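Data first, discussion second: the structure below is written as structure tokens.
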Amino acid sequence: MESKSIYSFVFLTLAINWVSSQSISCYDCDPNNFASDCGDPVGNTVRSTPCTPDANVVNGTSLCVSAYLYVTGGTTNASGIYRGCNTLRPDVSDFCDWFKEERQGFNATLISCVACNTTRCNTIGFTEDGKAGAPSIFASSVFVLLCNALLILLLKERN
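So the sequence shown is residues -21 to -1, 1 to 138, counted in mature numbering (1 follows the signal peptide of the UniProt record, and there is no 0).
Next up, the structure:
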């Protein structure tokens, strides 16, 4: 009986991890939307948006991105932290390098960028000058940890 419970636990854990890797959600904010909360999306409960792969990108991969852009010209109030979903094209090896090139010519300089591929993983902190800090491992793993804890409790109650 105990081995059946262990197999069930392993299967459910793998299923949860597979489902969470198939579709991700990312924190979504920028200097014009939730700007004051964007610095700490977990602590300030910034909205999370499900990612939809760009229909124009064949075999693209959804990513969560945290970036700090410095904008010059008439839209200087657009400088700051950007968080959200993006689609990585299969021919692009480093999203942030590609993103930096894409911003050129739009009066925007990419100061820092971090891309990740798990739900709500775009929690990286930024310094006042836009440099990236350490990511919050807790924020990106909390869902799987809570599910595993719940499964363990349920299995213990059954025995």
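In this text, a Cβ means the ideal position worked out from N, Cα and C, and glycines have one as well.
Source: prediction; values computed, not measured.
query, result
"If residue 173 and N56 are in contact, beta carbons under 8 Å, what's the gap, nearest whole angstrom?", "Here the chain covers residues -21 to 138 and nothing more, so residue 173 does not appear."
"May I ask you to verify whether the segment 90 to 100 touches the segment 37 to 44, counting CB pairs closer than 8 Å and requiring at least 3?", "yes"
"Compute the Euclidean distance between the alpha carbons of L132 and T106, then round it to the nearest angstrom.", "40 Å"
"Could you pull the start and end residues of the beta strand (DSSP E) that R82 belongs to?", "Taken as a continuous stretch (DSSP letters only), R82 belongs to no beta strand (DSSP E), being part of the alpha helix (DSSP H) at F74 to R82."
"Secondary structure at D16, three-state DSSP: helix, strand or coil?", "helix"
"For P20, which option in G112, T102 and L134 has the closest C-alpha, if you only look at C-alpha atoms?", "T102"
"Taking the DSSP output, what are the residues bridged to A111?", "F105"
"Around the C-beta of R99, are 16 or more other C-beta atoms found within 10 angstroms, so that it is buried, or is it exposed?", "buried"
"Can you list, in chain order, the residues of its chain whose CB lies under 7 Å from that of L67, leaving out five sequence neighbours each side?", "G39, T40, L42 and F74"
"Report all residues from its chain with a CB closer than 6 Å to the CB of K79; omit the five preceding and five following residues, and keep chain order.", "L89"
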